[in-house]
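Numbering (full-length UniProt numbering), first residue to last: 1 to 1137.
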Amino acid sequence: MHCVDAHNLLTQAARDVEVEVILISDPWKVPKMTLWQASVGQSAAIFACGTKPIQKVRCQASGMVVADIGGITYASCYAPPRWTFEQFQSMLRRLEATLRGCPKVVVGGDFNAWHTAWGSVRNNRRGAALLEMMEGIGLVCANVGNTQTFLGNHVGASSIVDVTFATPNIVQDWHVHECLTRSDHAQVRFRIGDQTVDRRPPQATGAFFRRWCVKQFDPQAYKLALDACGLGDATTVAEVTSRLTEACDEVMRRVSATPRAHYGRPVYWWTDEIAELRDACFWAQRTAYKPAPPDVRQQRQQFLRETRKKLKKAIKTSKRRCLQELADAVKDNPFGESYNIVRGWLRGGPTPQERDPEILRNIASELFPRRQPSTWPLTEPGDGLSLRPVTNTELHDIAKRLNPRKAPGPDGIPNAAVRTALLEHTDTIRRVFQQHLESGVFPEEWKRQRLVLLPKPGKQPGPASALRPLCMISNLGKVFERVILDRLNDVLEFSEDGPRLAPQQHGFRKGRSTVGAMETLVEKALEAYSAPTDRDRPGVLRHCAAIALDVRNAFNTASWTAIGRALHSKGVPSALLRLLQSYLAGRELLYDSYDGVQRWEVTAGVPQGSILGPTLWNVMYDAVLSVPLPAGTDIIAYADDLLIVAAGDEQEKAMENAVGAAIAVQRWLAENDLKLAVQKTEAIIFSRKRTRLLRTFELDGERLPIGDTLRYLGVTFNRHLDWKNHTKTVAEKAERHVRSLRALMPNHGGPSSSVRRILASVAESTMRYAAPIWGGEAMGNQENRRVLQRVQGPLAQRVVGAFVSMGYWVKVLLANMIPMELLLEEDVRYHSARQEVRLAGEQVSPASLRAQERAVTYAKWQDEWDEMGTGRSSTSCTRWTYRLIPNVRCWSERRHGEVDFYLSQVLTDHGFFRAYLEQRKFTDSSDCSSCPGVPENAQHVFFECPRFHAIREQWLEDSVPENMVSRMLECSEYWGAVKTAAKLIMRQLQTEWCLHQQQDSMRRSLADDDMIRIIAETRRQRRNERQRRRRAIANTRPVTPQEAVRRKAVRKKRNMQHRVALASRPAPPHKMAVAQARVRVAITKEALQEPGLSALRETELRREHRWALADLKEARRLQRNHRQQEDRARRASERVQ
């Protein structure tokens, strides 16, 4: 199915019928989605297009991919004809080793093997080896009948090469489905019906996991519904939840929280016209090659080709129209549905949730292991420390910070409803919160959490470690958690004696971030990197070793006993300790399965997705940061990510210290029921010395590699700290964003340039992550600057819809996008300024600091632009843009004006101007068509050419290049006038250019007619010469009389068919007359040779034969005269030339 049309029709066919799994051989492409798994080289693929996810990928090799879906092992295979028998056997051996022992197996693919067991007319070595291997592992052939599966598009011989093998009694209703595939293979369909497995249908679990359509939420209507439901009279959490649910039912309709398959819903580009063309193409394909007269068959085949072209064109047109509608929808909401769709393409689309009860229970037991009952420290009720009461102002502040896009918990109440209730009925909710705060009991309703499993990017499906568990908690319960967290932070972060958490912890703490953790690492590495390398100075720490440790399933296995002990040691009040004990105890995990809602008791860990969870983890994990370490060794922590940094005068000593610290950390983890994932441990040595570095180290009895790079908190460090690896990594990631956003930013139509800049900020933010760490040093390297320019340049070109040939500095200027190298340097300066202000204790707003650094950035940008516009390396187009826009800051800080495809051509001199087209070798002359001898560039067309005098008089008001842009910046109406004039002028130039291209194409085609005729004649002569040589060789061989008679009959039949075909082809009249006369001569001659003719019949045939010979002679004479006339006319034209 190596065809784009076949791929398009297959995606729609999967939705027309309830298809769960598709096995594809030789696919056109394999999307980067978790639902698709391909072999090495992507010659075979498995597409899980139903409601069941891919549970495990067993093998990916050349020509085969094996995966588990819904408890069944599927294998998709493709063995190309070019493979040798040894390659085919190698694939079979690997396939046998993978499938042996699997209880339920289905194997399908194009093996290019023949055997009578599946309907072939003969056997070959491939077929015998394939059947022997499948029978050896207990699989049977599921093919039924002898319907051909390889059609060959009626070019090659059809055959049966697509074979299905399966465990006995699994495959039912196997048949070759007759439909339009646009592939040279037919479509095979079958059902999986294992009668031995009692698979119950999905239970009615929607009532438990149902939520509301938030798009229908109306705050005013919801306020009235809350008053009608009597929320003000509620006194318990159950009553509050019930009243909120009733109000949500009044203003929003309920929807299912479980994603469903796309059954019955067509693909986004499918239309009724495409459906009709598909049916017409299928009917034409069925009738095109049926027995019929040659002229009728030729007409049918021509109709089939035309219908296929129409179908292909209709699909392309529909896709283009849908993308245009997607781009137009961005105008009103840049980050709305269109943006989510495009981002879904980048992420790979949604993945169905696993619903098998046994598999889900195994995943839950692995991700949320059961622990022994926890021992909470004893608390005294009267410890003298009381919790501050809940206030209305505090709840209002929390309500304003609620994110309306957050997913709800098991109760389904969205954040928009919670926010409205908090703002309108603050007293009621405050009383409920205060009641539980004083009683020290966390409500049982908010301890239930809905489990959602998301696949980790880049991980193969299968093990539980490839899934990221999210616990969806009630949004109202999160508000109460925020109230508790504020009181917990009063002790941990804002106590009178200072913060009680270690300064090495940078995760989930106010005023701290990943940048602080990475700064510490860079400082330690630079100390070693900057140390002198001479051996005469012993004791100098010239090497720095860093080891990144990974705790296995950290947040879900944290011991509650350790959490309680850590809280008690930090001096947390008894009332808060009792409340936190109640918060952790009795938690329950809920997940949906085929057997209904299942429950799993949680006995350890902190809830992922909760408000309190990260802080409780930091409290428990704080003790590891005070573990005794070797001299010169430090620990850096961000949540559960630990990084050990050790310095030494020799690399062996530095690594020895780091390993000693890792062993001490591992010992502490074991004491607190945590495990270290040794295989995920990474290490690196920072050093300026050019000596040979260590390549391995030993930890917990395993030999681990020391790499040249270390990825920590999203930043790639290398041992030289030149940031080349990280720059390439972020550039590749940003380029993926650019490719995904390209559909929303076409040259014609789509959103305005200001909306496009908002979309482009997504890719820019990817490149700016942690810029204070690496931006300054990295931008000192020209190679790194060019890598980022190659990403930002095309992005800026899409923002303004300009020609791709523009220079980088012109693109970013027109798009109002600060060059990335200057932007990164600004981030570095801003971060340094904020640190200085914080250390000095001054009160300076971040906005004012950013404005100061932005002024410096504009000054540097202006210097670069002046050099590009007036320096030696400037081009004529850059000088023209600099002449129009000399001031960078005035252009970038304007409050109005959009740049589009037409205006960008005028501002850059890159457009449908003859001077530009001649420079790009698209035309032979750069002269204006109305002004001979004058180059047609932007200045001439827009300000001088008489062709556009009327447009200038109406819109431009006698402007000159030096003041046009300044007037545009001063007045929005004048900007619109210039934009309109540019559109009118450039459209006319584009129309003239298209007309010129059509005329030039016609001239080239007429000039090529003689060459085409010569080539055809040469090929005909070579073909005739080969036929004569083959005949000469055949005539030298001895031939029996019977063989001679047979050859004569075959030759006579072939000649007759050839003459008839020539006579039926459309041809000039003189050639058609010769062909028809030859057919009549051959027919009468063959009739005369028939035995048993009567005398009268023979006389009539002889007379018809003489007439046919006379007609043939006359037709040849006319053809000869026609050729002579053509030769004389050609010679006469050559003499004239």
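Glycine included, every Cβ here is placed at the ideal spot set by N, Cα and C.
In this text the structure is predicted, and so the values were computed from the model without any measurement.
Report all residues from its chain with a CB closer than 8 Å to the CB of residue i; omit the five preceding and five following residues, and keep chain order.
i	result
Ser832	Pro772
Gly749	Gln324, Ala327, Asp328
Val188	Gly108, Thr149, Asp162, Thr164, Trp174, His175, Val176, His177
His425	Leu226, Leu231, Gly232
Leu1101	Thr1084, Ala1087, Leu1088, Leu1093
Glu777	Leu721, Asp722, Trp723
Tyr268	Cys322
Val1060	Pro294, Val1079
Considering only residues of the same chain and omitting the five flanking positions on each side of residue i, which have a CB-CB separation below 6 Å?
i	result
Glu735	Val791
Thr603	Arg370, Arg371
residue 1139	The chain is shown only over 1 to 1137; residue 1139 falls outside these bounds and no answer can be derived.
Thinking residue i and residue j are a contact (beta carbons under 8 Å), I'd like their distance in whole angstroms, please.
i	j	result
Val645	Ala554	No, Val645 and Ala554 are not in contact; Cβ-Cβ is about 20 Å, not under 8 Å.
Ala464	Glu366	4 Å
Ala48	Ala38	Contact flag wrong, Cβ pair sits at about 12 Å.
Glu936	Arg914	4 Å
Arg450	Leu590	5 Å
Val418	Leu476	5 Å
Val810	Thr878	6 Å
Hey, quick one: how far does the alpha helix (DSSP H) through residue i stretch, first residue to last?
i	result
Val106	Looking at the DSSP string, Val106 is not in any alpha helix (DSSP H); the run it does join, the beta strand (DSSP E), is 105-110.
Val188	Not the alpha helix (DSSP H): Val188 falls in the beta strand (DSSP E), residues 187-192.
Phe942	938-943
Thr908	901-908
Gly1092	Per DSSP, Gly1092 belongs to no alpha helix (DSSP H) and is neither H nor E.
His7	4-16
Arg388	It is not in any alpha helix (DSSP H) - Arg388 carries neither H nor E in the DSSP assignment.
residue 1146	Shown here, the chain extends from 1 to 1137; a query on residue 1146 therefore has no answer.
Ile484	475-492
Ile885	Run containing Ile885: none; DSSP gives neither H nor E here.
Val791	782-800
Under 9 Å between C-beta atoms, does residue i make it to chain C?
i	result
Pro1041	As a matter of chain content, chain C is missing from the structure shown, which is built from one protein chain.
Rounded to whole angstroms, what is the Cα-Cα separation between residue i and residue j?
i	j	result
Ile192	Lys104	10 Å
Val888	Trp865	8 Å
Gly648	Arg667	23 Å
Ala938	Asn963	15 Å
Glu1104	Ala1095	14 Å
Gly13	Lys309	At residue 13 the sequence reads Ala, which differs from the Gly that was named. In a straight line, the C-alpha of Ala13 is about 20 Å away from that of Lys309.
Thr991	Phe912	9 Å
Pro414	Glu973	45 Å
Ser513	Glu836	17 Å
Thr520	Leu526	10 Å
In the DSSP assignment, the beta strand (DSSP E) including residue i goes from what residue to what residue?
i	result
Gln651	No beta strand (DSSP E) contains Gln651, which is instead part of the alpha helix (DSSP H) from 651-671.
Phe717	715-718
Phe165	162-166
Trp600	596-602
Apart from the five residues just before and just after residue i, which ones in its own chain have a Cβ nearer than 7 Å to its Cβ?
i	result
Ser892	Asn816
Thr980	Trp955
residue 1190	No answer is possible for residue 1190: the residues shown for the chain start at 1 and end at 1137.
Ser1001	none
Ala1077	Ala1108, Asp1111, Leu1112, Ala1115
For the ligand NAP, is there a heavy atom less than 8 Å away from the beta-carbon of residue i?
i	result
Asn475	Looking at this structure, you won't find the ligand NAP or any other ligand, since it has none at all.
Evaluate the contact criterion for the region 888-903 versus the region 979-999: three or more CB pairs, one atom per stretch, below 8 Å. yes
Would the region 608-623 and the region 632-643 be scored as touching if the rule is three or more Cβ pairs under 8 Å? yes
Given 8 Å as the limit, is there contact between the region 759-774 and the region 725-740, that is, 3 or more CB pairs closer than that? yes
Do three or more CB pairs link the region 457-477 to the region 502-509 at distances below 8 Å? no
Quick one: any contact between the region 482-492 and the region 693-704, if contact means 3 or more CB pairs under 8 Å? no
Taking contact to mean at least 3 C-beta pairs separated by less than 8 Å, is the region 387-395 in contact with the region 433-452? yes
Touching or not, the region 745-759 and the region 554-571, by the rule of three or more beta carbon pairs under 8 Å? no
Would you check if there are 3 or more beta carbon pairs closer than 8 Å linking the region 108-119 to the region 133-146? yes
If contact is defined by three or more beta carbon pairs under 8 Å, each pair taking one atom from either stretch, is the region 83-91 in contact with the region 123-130? yes
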